[in-house]
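Numbering (my numbering), first residue to last: 278 to 554.
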Amino acid sequence: MISWSFACSPKVKTEGFASNAAAAAVAGLMLALASGAGAGETFRLLSYNIHHGEGMDGKLDLARIAERIRTCQPDAVALQEVDRNCKRTGGVDMPAELARLTGMTAHFQKAMDFDGGGYGICLLTKGKVLESKGYALPNSSKPVEPRTVQTVKVEALGGTLTIANTHLDVTSGETRLAQTQFLIKTLGEMPDTVVLAGDFNAVRGDTTLKAIESAGWAVPLKQGDPNTIPSGKPDREIDFAVFRPAGALKVVKYTVLNEPVASDHRPILVEVERATP
């Protein structure tokens, strides 16, 4: 079993060349690989329920959340439980502030009006976004918190990739399954490879995950301890990253990060590359 710590390993970067000969050799290698666009390229997605920025120590600290994000050098971040201009969090525009602190672009999807502002989910992205959408998920007739899913299409892995972020219902397995079926249908109609991440509020083996896997999605296993909540001493795995078609991507890394204080959930990191035939 692989042991992981929070110190995310950096993506490999080319720093320079010792000589013109070395540069020429690399240029030749690049030409040789030109026919395989995206070969060797990976995409990192971090998913984090940030509990409106409030940590287990009772402190509201977005800078702490942003530091965790920056450390992992993600290409995209799926955030849940995000406040925007809410009184309880000092009227801060959290998507804008996290974008500023991380150097990424924020895409906020409001689930409901709350405390003078909005509350929902947020995707942070690097690079060019080709398309951004949001959808309301089915809800029960009871007065429970509305749920949504948002998607962004990005240029990645030698083509395009759709990243989806969601936060499923916590009160009812029946409602959660209806939301899952909506996700399967809606995301299944998208032409790109789709990676869906978020707080599923369901454990592995629940009907939620079974339905996703039965619909042709990959539901990979995490490396190391998979549990994500409560962050101080996790005993349940309810935060996931899944993708479709199941054979489209290869998982390079998929782990829970050792962050016990910044939120009531621990973040998860998945790194993928295009699967080779």
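Heads up, the beta-carbon is just placed ideally off N, CA and C, and yes, glycines get one too.
Considering only heavy atoms of the ligand GDP, does any lie closer than 7 Å to the CB of phenylalanine 517?
No copy of the ligand GDP appears in this structure; indeed no ligand is present at all.
Just to confirm, is the Cβ distance from isoleucine 461 to alanine 488 under 8 Å?
Here residue 461 refers to the residue found at position 184 of the sequence shown. Here residue 488 refers to the residue found at position 211 of the sequence shown. Taking 8 Å as the Cβ cut-off, isoleucine 461 and alanine 488 qualify as a contacting pair.
If you draw a straight line from the alpha carbon of alanine 525 to that of arginine 361, how long is it in whole angstroms?
Within the sequence shown, residue 525 is the residue found at index 248, counting from 1. Within the sequence shown, residue 361 is the residue found at index 84, counting from 1. Their backbone Cα atoms lie some 35 Å apart in a straight line.
Would the beta-carbon of valine 549 fall within 8 Å of that of valine 533?
Here the question's residue 549 lines up with position 272 in the sequence shown. Here the question's residue 533 lines up with position 256 in the sequence shown. No, the Cβ-Cβ distance between valine 549 and valine 533 is not below 8 Å.
Is any beta-carbon of chain B found at less than 8 Å from that of glycine 475?
You won't find chain B in this structure, because it holds only one protein chain.
Give me the Cβ distance between valine 414 and valine 429, rounded to the nearest whole Å; I'm assuming they're in contact under 8 Å.
Along the sequence shown, read from residue 1 onward, the residue named residue 414 stands at position 137. Along the sequence shown, read from residue 1 onward, the residue named residue 429 stands at position 152. The residue asked about is misnamed: residue 414 is leucine in this sequence, not valine. Not confirmed; about 17 Å, so no contact.
Are there three or more Cβ pairs, one per stretch, closer than 8 Å when the segment 319-337 is compared with the segment 403-410?
Contact between the segment 319-337 and the segment 403-410 is absent, because fewer than three Cβ pairs lie under 8 Å.
Cα separation between lysine 266 and proline 497?
Limits of the chain in this structure are 278 at one end and 554 at the other, which puts residue 266 out of reach.
Nearest CA to the CA of proline 503: which residue from Val354, Lys387, His542, Arg347?
Within the sequence shown, the letter at position 226 stands for residue 503. Measuring from the Cα of proline 503, the nearest candidate turns out to be His542.
Beta strand (DSSP E) containing methionine 389: first to last residue?
Translated into the one-based positions of the sequence shown, residue 389 becomes position 112. Run containing methionine 389: 382-391, per the beta strand (DSSP E) assignment.
Which value, in whole angstroms, describes the spacing of the CA atoms of glycine 509 and proline 537?
Taking the sequence shown and counting its residues from 1, one reaches residue 509 at position 232. Taking the sequence shown and counting its residues from 1, one reaches residue 537 at position 260. Computed Cα separation, rounded: 5 Å.
Report the rounded CA-to-CA distance for glycine 367 versus alanine 523, giving the unit in angstroms.
Counting from one through the sequence shown, the residue named residue 367 turns up at place 90. Counting from one through the sequence shown, the residue named residue 523 turns up at place 246. Using only the alpha carbons, I get a separation of about 43 Å.
Does the beta-carbon distance from glutamine 471 to leucine 400 come in below 8 Å?
For the purposes of this step, residue 471 is identified with residue 194 of the sequence shown, where counting begins at 1. For the purposes of this step, residue 400 is identified with residue 123 of the sequence shown, where counting begins at 1. For clarity, residue 471 is valine in the given sequence; the question names glutamine instead. No, these two residues do not count as a Cβ contact at 8 Å.
If I measure Cβ to Cβ from glycine 395 and keep anything under 6 Å in the same chain, skipping five residues before and after, which residues do I get?
The sequence position of residue 395 within the sequence shown is 118, counting from 1. Excluding positions up to five away in sequence, the list reads Arg361, Lys387.
When DSSP labels each residue in this structure, what does threonine 550 get in the three-state scheme?
Residue numbering aside, residue 550 sits at position 273 when the sequence shown is read from its first letter. Per the sequence shown, the amino acid found at residue 550 is glutamate instead of threonine. Strand.
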